[in-house]
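Colleague:
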Amino acid sequence: QSVVTQPPSASGTPGQRVTISCSGSSSNIGGNYVYWYQQFPGTAPKLFIYRNNQRPSGVPDRFSGSKSGTSASLAISGLRSEDEADYYCATWDDSLSGWVFGGGTKLTVL
Amino acid sequence: QVQLQESGPGLVKPSQTLSLTCTVSGGSISSDTYSWTWIRQHPGKGLEWIGCIFYSGSTYYNSSLKSRVTISIDTSKNQFSLKVSSVTAADTAVYYCARDAGSGSYGMDVWGQGTTVTVSS
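Quick look at the structure:
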């Protein structure tokens with residue numbers, strides 16, 4: 032069981048706004064940055080959001096990250112079929128002295 | 110542009126040692142800016158951080174795997190390696206290597222494509 036929790040699934044129709052949550056504690060999200068990774072089946076994860084809300088070049092501005100206290104979220108607006116993928120949050124845990132990942136959220140575009 | 114590539118046996122027998130190497134190209138592994146990381150993903154499951162190494166040789170390990178894991182670095186070959194001893198079927202996974210820019214920076218920003226390791230007799 033991961034110390035950082037995500038819902039296993041999320042869904043929306045094209046054009047909708049969808050939010051994926053990531054919940055932790057003071058030893059991880061509460062005191063450190065949150066990162067988000069996108070993963071398509073059979074491929075490696077790709078950095079999608081860093082330092083809570085920063086987008087690497089090439090990531091559409093439809094994607095945004097935020098953090099408040101011990102929780103973080105990834106919001107996707109104007110949902111598109113190509114957004115269908117698994118999304119993982121990650122953060123450093125000071126108590127464990129290591130990176131921890133959320134369990135991942137499978138996003139389905141209906 | 111930095112690229113990482115994992116290599117190693119795809120099949121390991123139970124109780125033996127799993128050994129993988131990650132070759133870094135397009136950049137030097139001898140950098141104060143980055144650590145070099147191993148992550149694994151069990152079939153149909155989420156991501157698990159295994160550990161990381163700095164070019165100085167300093168290491169950090171996932172406490173749940175620490176007793177069986179060794180990460181080493183060879184700066185002359187621009188490679189870093191993972192060894193997991195006494196493997197069982199529970200070590201069957203896709204293993205990824207990644208560059209880690211740090212938890213206050215870009216995080217794990219460059220990943221290898223991953224290599225599948227199956228533990229079976």
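Chains as they are written, first to last, in the numbering used here: chain A, 32 to 141; chain B, 110 to 230. A virtual CB, placed ideally from N, CA and C, is assigned to each residue, including glycine.
Output the distance between the C-alpha atoms of lysine 175/B and tryptophan 130/A, rounded to the nearest integer angstrom.
Modeller: One-based indexing of the second sequence puts residue 175/B at position 66. One-based indexing of the first sequence puts residue 130/A at position 99. For lysine 175/B and tryptophan 130/A, the distance between alpha carbons rounds to 14 Å.
Colleague: Among Gly100/A, Ser108/A, Ala41/A, Trp67/A, which residue has its Cα nearest to the Cα of serine 58/A?
Modeller: The residue you call residue 58/A lines up with position 27 of the first sequence. Cα-wise, what sits closest to serine 58/A is Gly100/A.
Colleague: In chain A, which residues lie less than 7 Å from tyrosine 169/B when you measure between Cβ atoms?
Modeller: Translated into positions along the second sequence, residue 169/B becomes position 60. Near tyrosine 169/B (Cβ distances below 7 Å), the residues of chain A are Ser128, Gly129.
Colleague: For a contact defined as C-beta to C-beta under 7 Å, what are the partners of tyrosine 66/A on chain B?
Modeller: Locating residue 66/A in the first sequence gives position 35, where the first residue counts as 1. Here the neighbours are Gly216.
Colleague: On the three-state DSSP scale, how would you describe glycine 129/A?
Modeller: Your numbering for residue 129/A matches position 98 in the first sequence. Reduced to three states, the DSSP call for glycine 129/A is strand.
Colleague: Going along chain B, which residues have a C-beta under 8 Å from alanine 41/A?
Modeller: Position 10 of the first sequence, counting from 1, holds the residue named residue 41/A. Within 8 Å Cβ-Cβ: nothing; alanine 41/A doesn't reach chain B, min ~15 Å.
Colleague: With a Cβ-Cβ cutoff of 8 Å, do leucine 138/A and serine 42/A count as a contact?
Modeller: The residue given as residue 138/A occupies position 107 in the first sequence. The residue given as residue 42/A occupies position 11 in the first sequence. The answer is yes: Cβ separation under 8 Å.
Colleague: Can you list, in chain order, the residues of the stretch 69 to 84 of chain A whose Cβ is nearer than 7 Å to any Cβ on chain B?
Modeller: Listed by position, the residues of the stretch 69 to 84 of chain A near chain B (Cβ gap below 7 Å) are Ala75, Pro76, Leu78, Tyr81.
Colleague: Since tyrosine 205/B and glycine 216/B are thought to touch, with beta carbons under 8 Å apart, how far apart are those beta carbons, to the nearest angstrom?
Modeller: Here residue 205/B refers to the residue found at position 96 when the second sequence is read from its first residue. Here residue 216/B refers to the residue found at position 107 when the second sequence is read from its first residue. Not really, about 14 Å apart at Cβ, beyond 8 Å.
Colleague: Please go through the stretch 76 to 129 of chain A and give each complete beta strand (DSSP E) segment of 3 or more residues, from N-terminal end onward.
Modeller: Listed in chain order, they are 77 to 80, 94 to 99, 102 to 107, 116 to 124.
Colleague: Does DSSP put aspartate 183/B in a helix, a strand or coil?
Modeller: Along the second sequence, one-based indexing puts residue 183/B at 74. Three-state DSSP puts aspartate 183/B in a strand.
Colleague: Quick check on DSSP: helix, strand or coil for glycine 155/B?
Modeller: Taking the second sequence and counting its residues from 1, the one referred to as residue 155/B is at position 46. Of the three classes helix, strand and coil, the one that applies to glycine 155/B here is coil, per DSSP.
Colleague: To which residues does DSSP link lysine 137/A through a beta bridge?
Modeller: Stepping through the first sequence from its first residue, residue 137/A is reached at position 106. Ser40/A, Asp117/A, per the DSSP bridge assignment.
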